[in-house]
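Chains as they are written, first to last, in our numbering: chain A, 13 to 529; chain B, 13 to 529; chain C, 211 to 686; chain D, 211 to 686.
Note that beta-carbon positions come from the ideal geometry of N, C-alpha and C, so glycine has one too.
Since the structure comes first, as structure tokens, the remarks are kept for the end.
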Amino acid sequence: MSAVDETQTIAYDRPPADASSATPMQREHATTIFEKGQPGRRAFEAPALDVPLVDGLIPASARRAEPARLPNVSEPELVRHYVRLSRRNFDLDSGFYPLGSCTMKHNPRLHERVTALSGHARLHPLQDPKRSQGALELMYNLEHALGEVAGLPHVCLQPSAGSHGELAGVLVTRAYHEARGEHRTKVLAPDTAHGTNPATVTMAGYEVVPVKTSPDGGVDVEDLRAKADDQVACLMLTNPNTLGVFDPNIEEIAKIVHGIGATLYYDGANLNAVMGISRPGDMGFDIVHYNLHKSFTQPHGGGGPGSGPIAVSDRIAPYLPVPVIQKLADGTFDLTSTPAQGPGSKSIGKLRGFQGNYGCFVRSYAYICSLGGPGLQDASETAVLNANYLLARLQDLVGDKLPLAFGDKCMHEFVLSGTVMKREVGIRILDLAKRLLDHGYHPPTVYFPLLVDEALLIEPTETETKETLDAFAEAIADIIREAQDDPTIAQNAPYTTPVRRLDEAKAAKRPVLRQPL
Amino acid sequence: MSAVDETQTIAYDRPPADASSATPMQREHATTIFEKGQPGRRAFEAPALDVPLVDGLIPASARRAEPARLPNVSEPELVRHYVRLSRRNFDLDSGFYPLGSCTMKHNPRLHERVTALSGHARLHPLQDPKRSQGALELMYNLEHALGEVAGLPHVCLQPSAGSHGELAGVLVTRAYHEARGEHRTKVLAPDTAHGTNPATVTMAGYEVVPVKTSPDGGVDVEDLRAKADDQVACLMLTNPNTLGVFDPNIEEIAKIVHGIGATLYYDGANLNAVMGISRPGDMGFDIVHYNLHKSFTQPHGGGGPGSGPIAVSDRIAPYLPVPVIQKLADGTFDLTSTPAQGPGSKSIGKLRGFQGNYGCFVRSYAYICSLGGPGLQDASETAVLNANYLLARLQDLVGDKLPLAFGDKCMHEFVLSGTVMKREVGIRILDLAKRLLDHGYHPPTVYFPLLVDEALLIEPTETETKETLDAFAEAIADIIREAQDDPTIAQNAPYTTPVRRLDEAKAAKRPVLRQPL
Amino acid sequence: MSRYTAVTDADRAAMLDAIGVSSLEEIFEAQIPAGVRLQGGLDLPDGLPEQDVYAHLLELSKKNTSAEDEITFLGAGMYDHYIPAAIDMLLGRSEFLTPYTPYQPEVSQGGLQVMFEYQTSICELTGLDVSNASVYEGPSAVAAAGYLAKLAAPKRPLYLVSAALHPDSRQTLETLSVGYGTEVVEVPLKDGATDAVALKALLDEHGDQVSAVVFQQPNFLGAIEDVQALSDLAHEQGALSICQADPIALGVLEAPGNQGVDVCVGEGQALGNRLDFGGPSFGFFAATNAHIRRMPGRIAGETTDADGRRGFVLTLQTREQHIRREKATSNICTSQALNALAGVVYLTWLGRDGLVELGELLIQRTHYARQALTAIDGVSALHDQPVVREFAITLPSDVEVGEVIALAQDRGVNPGFDLGRVRDEWNGGLLVALTEQRSRKDIDRLAEVLAESITAARNGERSPLGPSAPKQEVVA
Amino acid sequence: MSRYTAVTDADRAAMLDAIGVSSLEEIFEAQIPAGVRLQGGLDLPDGLPEQDVYAHLLELSKKNTSAEDEITFLGAGMYDHYIPAAIDMLLGRSEFLTPYTPYQPEVSQGGLQVMFEYQTSICELTGLDVSNASVYEGPSAVAAAGYLAKLAAPKRPLYLVSAALHPDSRQTLETLSVGYGTEVVEVPLKDGATDAVALKALLDEHGDQVSAVVFQQPNFLGAIEDVQALSDLAHEQGALSICQADPIALGVLEAPGNQGVDVCVGEGQALGNRLDFGGPSFGFFAATNAHIRRMPGRIAGETTDADGRRGFVLTLQTREQHIRREKATSNICTSQALNALAGVVYLTWLGRDGLVELGELLIQRTHYARQALTAIDGVSALHDQPVVREFAITLPSDVEVGEVIALAQDRGVNPGFDLGRVRDEWNGGLLVALTEQRSRKDIDRLAEVLAESITAARNGERSPLGPSAPKQEVVA
Ligand SMILES: Cc1ncc(COP(=O)(O)O)c(C=O)c1O
Ligand SMILES: Cc1ncc(COP(=O)(O)O)c(C=O)c1O
């Protein structure tokens, strides 16, 4: 399951004709924890009852009739089950994971260590601010650093992920307009936008109006002008966008949006391209969300937790969610939900429980302390260098089959189009992706952005070595070469993974969403 | 690499005829960390020089001419290299590991957590005893508990592993005799003894005299009598012995040994069979060593660390290694290397640095606190039950091919003989073991004890489930059935491991013991 | 180059050469308009070696008073349960910690099966048909349930919300429903529990305007609600019954799914997740089959592979933003997979019997504590409803709750949450929470310290740190 | 049944049935003589739930003053270096933590390659040809080296041992050599370093009786020895040169292998291992090719598999106890694989440049500290030899070192090791050690506190805990 980034490897063989070579994992029938164990087994032992036993404290009507049918397993069974399950995952620590738009950069273990310190890990969210000064100081410092990176002064750490930040952003936009007595109805978003953008717009009670993409990969400025009217509350952009293209007309776009009194929203998922190089605030964005689990290396956890703080300009600040952190005259910190003025003074309210995903703040703060300003800039520069190098290698090796979709350079990621490969070689991007699994790589993002047919969105990140990029490019070339001889090999891939290609249609047709008991 | 202990599994397939099914791990060429990285890369950053720089502090003659040629890698490279290496290991948390004589029982993670507490993990060995009272109290309590299990009052925790404990045991025996003006020259050990016993005897300056094993699997009492003379300093036994046989004549043996004024030494590697059931001290042993990494679940770490405390009777106590822990009148604890009387007052001296493998003490102490007296007894009873059950299953399934070497029951482990299988089926115990790897099991101990041809020494331990034992027995039966059709399959196994059978002769003939640079 | 990057000067030269540029600057110049380039880099300090960062974060952690530094009875939504060591190990495994959402199921069976097992355990806990793979956290889960009700009944612009719903849930629901224009009407309490009579009146008044009735079990004041009654009332008017539940309490309380609840959600922190000053944790979300296609977020489902092997995939994705975009049932993408893993491992650790035993232990110790505290002169029960693991008392009116808490903390005991921070009508109230980590000894100590602190406050003693956090989250 | 076992009553019944007995007791009765059966079980308390054990072990840990609780300059063999977080993660991985010795190489390539890489790094560090995969710890490694010398020259019953060899190494060597009858003769010091003239005299006197000369680099007092000179003298009389070295210091000091040393051993704790109150750590053991077949313990070697792939196995096993039994070169079996893994990961983390940078930093800070302390009125250097990371000073004769240390610890600083505990002639001596975790600020604080404590001791102030550990490990 691990990437082959060594120079010298044993010649790659044909995949097996039959299943005769099933690995131990493939031979193992997937069995859930609910199918294991026996009544009476246990991993937990309750502390002794050390108070007098009193009956009838709970009315019978409220009492549970049937216990929840949880598993009955010993601790060794529990540990072995989940350790073995873990080995059925591909992970970043053991292989290259160039999943576009997700910024799969190295997760330093220092962050797990500091987050586990009891002063952080066992701090109750409702602890008196006077007795949680370390946490508030950390959050205050993180807000400052994030604000500097975005070039916007006011930061709210509360949102739980990028899409949550988007929702916060659109809701503060709404509050901002309403406060001015304006009831706008539409939000613009380019057709390259991530699905969370339009989904967010709907949840915030706006109508989504898509904006076309121009041949250069940026926003079609004419289309934008045409759609920019006084009913538009906001334009949501990511820059560089999901094509890895930095919008050449960003300044013009900002003018147009501000011209109609709308806000310009920055989807920060691609911030890893521009830290210390170009700041959304300087581009004219009013609101930015960050994905701490991308640019600031919060481990992805198999799909979270994440954290999606937002930063805003002065005019938006009063509407920020509460609570807000304040640094008091005496240098101590406080947490308030009713600030007299400034950020949060006309708050949209609370966006979730407590103060946000503090554990993620600790990690990202540690990361910022480790890299510092120069280090963050180096990270983005290297991310862009790695992406352009891998792009060059791939164009050199297989450019005729997998051309770049837009432009000739990229920022931190790039999109190849598989249409030629599909036509001339006979395999789809999906087949290429599945065959990559046999080579020990996690495939890039496929079929996104939707704008590009047979899209392959590749983001290597700054933490990978040149050796790894070279080996990955070779692997893609190998697969295409192999497919030119025999496309069925890739079409039937993968062969060496714990399970082979899975029937997603069947799963959706007759949903089995829990272990039957 | 994980054991298949589920009831329902896809029918086991023939192994591949060729290497066409190589897994990603098999395709990967083993590359050492010294072959990775590039000059200039680094995972470490030194703290800033915060004192005035002074030149010439070290004479040029003493300075290193050439830096040690260590790797140059970034942190991501370091992490990925070792995480990937780890996945080339079989481990107890993901599979059944019935390695005879090694007691591969479950390692609770609680022990890693408590050992990591800074009060334990960052405690300096030379800290003033008055400021390390927690550690001394823990060691004192552990000594008491171990003494109770062995039935011998005086415990020294210092030895670093079983063989180190053996050496300590033979050296205190020597000191004991010398103090009585006797200069004995021989130590007896049965032919079933583990290699460390005779090796220890030699290092302690004694001659080893092997004692025969009787048909019932115990010590041949007549042979013992014949060899028991006044030159014998000690008899080293493990009981149950490495055949899993509890010596029926243990009382008689003790009489004989004490009759000639020798000491009776208990190799505690098999203590997991008798905790709370029978105590070495009550059997007449004078000296016992424990393997905390066996009976008391210190994780094995790929070959250590371990810990081999010893317990002794009153007459031996004065010779114990120093330092010794003392509980003072005021209830506090002290560590002394010069006790006025009692244990260590005529000490053989120090056996190693400081006080022993404290980190192991913490784990084993936590284990004893978790199980308590009843739990330790339950552990041994269950270990014996599991062993006898697995023995019964195997005798039922393949008893004609793999008969039990001695007796008809066993204690916590048992030895099968593969001579019939070799003759009738045409595969050796080694082939069976290697084929088990394809089934996702770690094989039992093979070719030990030496007394039994084609020996297979199986110790399931108490922490395994009946389901696992059943599946393992079936796997052995499958392999023998498969071999009856075609022995070459097992003879060429394994097929699915990261590497196939390795050429050990080649390794020894032209030793390559380091990465050439 | 930092310790996390690996491009040496030699690498860079070779790479630029392959790209066909002479400098990295060329690449940026070619793409980024000069006007938006940042000059002179970020105004942030230089980076630090690993051990300096460790030292700094250790120092910050020591400025916090954690549950390891005091005997705490603070709950009100998050609880200091013991987390088994096996969870740390499993969550620390690279294979669980570092992958992202399982977009490639063939190499994500571990994570997908965990989701499937998680969904199973949540269905068992709530007594409902279908669970998703997690949402952000408790209050977000309540808001998500509200949105589901909105999707189910777009023409019903009201939520009836119990006054004893967690204030964070209440406020989150309000904040997020502004966008789509649903409003919140409060249902008052009667002796600490939701007033069924008042609810009926409100339902009669607003009838078909109400999309859902939202309440909490046990409620914010620790009281056990009559879930069946509240659900029946809601259904009579065609509204959904939405219940936020404490998953630990569900070990002993009837499953909401068996009491007419349509959507049961809650805060998952108590299930094997750290306090972490409030997050990350996870929100669980379960509903009846009727709402399966309105569920938010990821759902894992069972299927088979090309060779017929059992396997798992993300399914029913036509609900989701990456497919349906503006028509999605939710905008959620990254959720809380790792925290949900902790949740299912914790529930497995407890096991069928353990979950019940834990609940029974809490009921007994909580009763003992309630007796001990209300025995203090001047202290009374804020309500007399049955409780599981949390209860509310009223302190003497001549002392400031914030002062008493601060004085108790100075004595090493955190007695609980100042209810006056939430509602004026609860001034003088203290919410006290138990976990299995609070022994009888701890409870006795609490009673002792609380009595002492009340007297001290009366005698004008003041904490050097000043009173505990003043009112600031007032809802009403 | 405990939480670690899984045999239910139903399982037991089925298992006993399969075995063909009616009770477990039958199995024991059949095998264990009644006379040696334990009646009534063990006299130990009942077991405890996980969280109670955690609470108990946490309480014990808080009774210790660790390097996290005070600014410590205590070294004398083990050092408080920072351990990178990556090491915790890797050592915590089940795949490294839970297997045993790699008896089945096909499923142990991870551990075996780690041994191979470890051996490579130790060879690089020591400048010697061959390294084993670890022995127990430092002093045990010295004793093992002595045994190798005994095997190499069975007819030479003497070791000449520097008075500045670590006292634990000296005593361990003495304890273990009693058995095979080799004796230790001490080589005196001159201004803190081994006296070459005295060594020559001893060699001339004992000539062919000496199997090895044993010394330490830097020595116990922190002084850098003239390794080449000592080795040359040993070789002149056909004795081996055995050097115990501080692996951190070897980053800046000449490799012993390049200075005539035949066997270089040492304590590996400083390489990524915790203090752990003294263990587990590991001992490294390297020698010239001449002694390859006399090496103790495990050695990994390279080979190929059936398909020609590169692989690793345990090799040269004919040296070992499980093959050669009484003729083995050592009795060692289980050694310190996991600690050696930490060692090679730590060295890789430092890297080629980092190891040198660390050494240079220590040299500078140590010099600064030496200046600062000897500037204290009445304090003088115990010797003037160049040092790397540890140095010895002499406190004023009118104060008890133990008292001063205790008073300094009361003030939050542990100033070092009381040399009087080891040798009367070192009474008044204090051994001070540095690591990269002790900044200039810490050193300045040390100087301040030490001066203060000396004055306090003079003025008759006494630590409530009494003086630090009194003499008890006196060698001479
Ligand atoms: C471009 C873009 N926008 C928004 C998001 C949503 O972020 P999150 O998953 O943290 O909600 C993503 C993440 O996949 C993304 O790639
Ligand atoms: C019977 C027996 N005796 C002694 C030993 C040696 O113990 P250790 O490896 O801890 O030195 C072992 C361990 O393998 C053993 O099985």
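Contacts between M433 (chain B) and chain D, judged by CB atoms closer than 7 Å, are missing: the closest CB pair is about 19 Å apart. The beta carbon of T544 (chain D) sits closer than 7 Å to at least one heavy atom of ligand 2. Between the beta-carbon of R100 (chain A) and that of Q546 (chain C) there is about 21 Å, and that puts the pair past the 8 Å contact cut. Taken in chain order, the whole alpha helix (DSSP H) runs of length 4 or more contained in the region 451-527 of chain C number zero.
When secondary structure is reduced to three states using DSSP, V554 (chain C) falls in the helix class.
Proximity of Q261 (chain D) to chain C, defined by a Cβ-Cβ separation below 8 Å, is satisfied. Contacts with chain A at 8 Å (Cβ-Cβ) do not include D634 (chain D).
In the pairwise beta carbon analysis, the region 100-114 of chain A is classified as touching the region 300-316 of chain C: at least three pairs are separated by under 8 Å. Out of C:G257, C:R672, C:E600, C:Y292, the CA that lies nearest to the CA of R580 (chain C) is found in C:E600.
Taking a 10 Å sphere around the C-beta of T212 (chain B), we find 16 or more other C-beta atoms and assign the residue as buried.
The closest heavy atom of ligand 1 lies 7 Å or more from the beta carbon of S540 (chain C). Cβ neighbours of Y453 (chain B) within its own chain (closer than 7 Å, five residues either side excluded): A15, G107, F108, F484, A487. In this structure the region 524-533 of chain C does not lie against the region 406-421 of chain A, because fewer than three pairs of beta carbons, one per stretch, are closer than 8 Å. Proximity of E160 (chain B) to chain D, defined by a Cβ-Cβ separation below 8 Å, is satisfied. In this model, G181 (chain B) and Y277 (chain B) are separated by some 7 Å (Cα to Cα). Taken in chain order, the complete beta strand (DSSP E) segments of 3 residues or longer contained in the region 185-259 of chain B are 198-202, 219-223, 244-249.
Remark: the C-beta of N153 (chain B) is outside contact range of ligand 1, defined as less than 7 Å to any heavy atom.
About 7 Å separates the beta carbon of L460 (chain C) from that of T336 (chain C), a gap short enough to meet the 8 Å contact definition. Taking a beta-carbon distance threshold of 8 Å, Q479 (chain D) does not count as an interface residue toward chain C.
By the 16-neighbour rule on beta-carbons within 10 angstroms, E155 (chain A) is buried.
At least one CB atom of chain C sits nearer than 8 Å to the CB of Q647 (chain D). When the alpha-carbon of A285 (chain B) is set against those of B:H176, B:C114, B:V324, B:P455, the nearest one is in B:C114. Excluding sequence positions up to five before and after G159 (chain A), its CB lies within less than 6 Å of the CB of P165, V167, A323, all in the same chain and listed in chain order. Around T394 (chain B), no beta-carbon contact reaches into chain A at under 7 Å, the shortest distance being about 11 Å. Against chain C, the beta carbon of V95 (chain B) has neighbours under 7 Å at S304, listed in chain order. Straight through space, the alpha carbons of D105 (chain B) and M299 (chain D) are spaced by roughly 16 Å.
V458 (chain A) and A505 (chain A) have their C-alpha atoms spaced approximately 16 Å apart.
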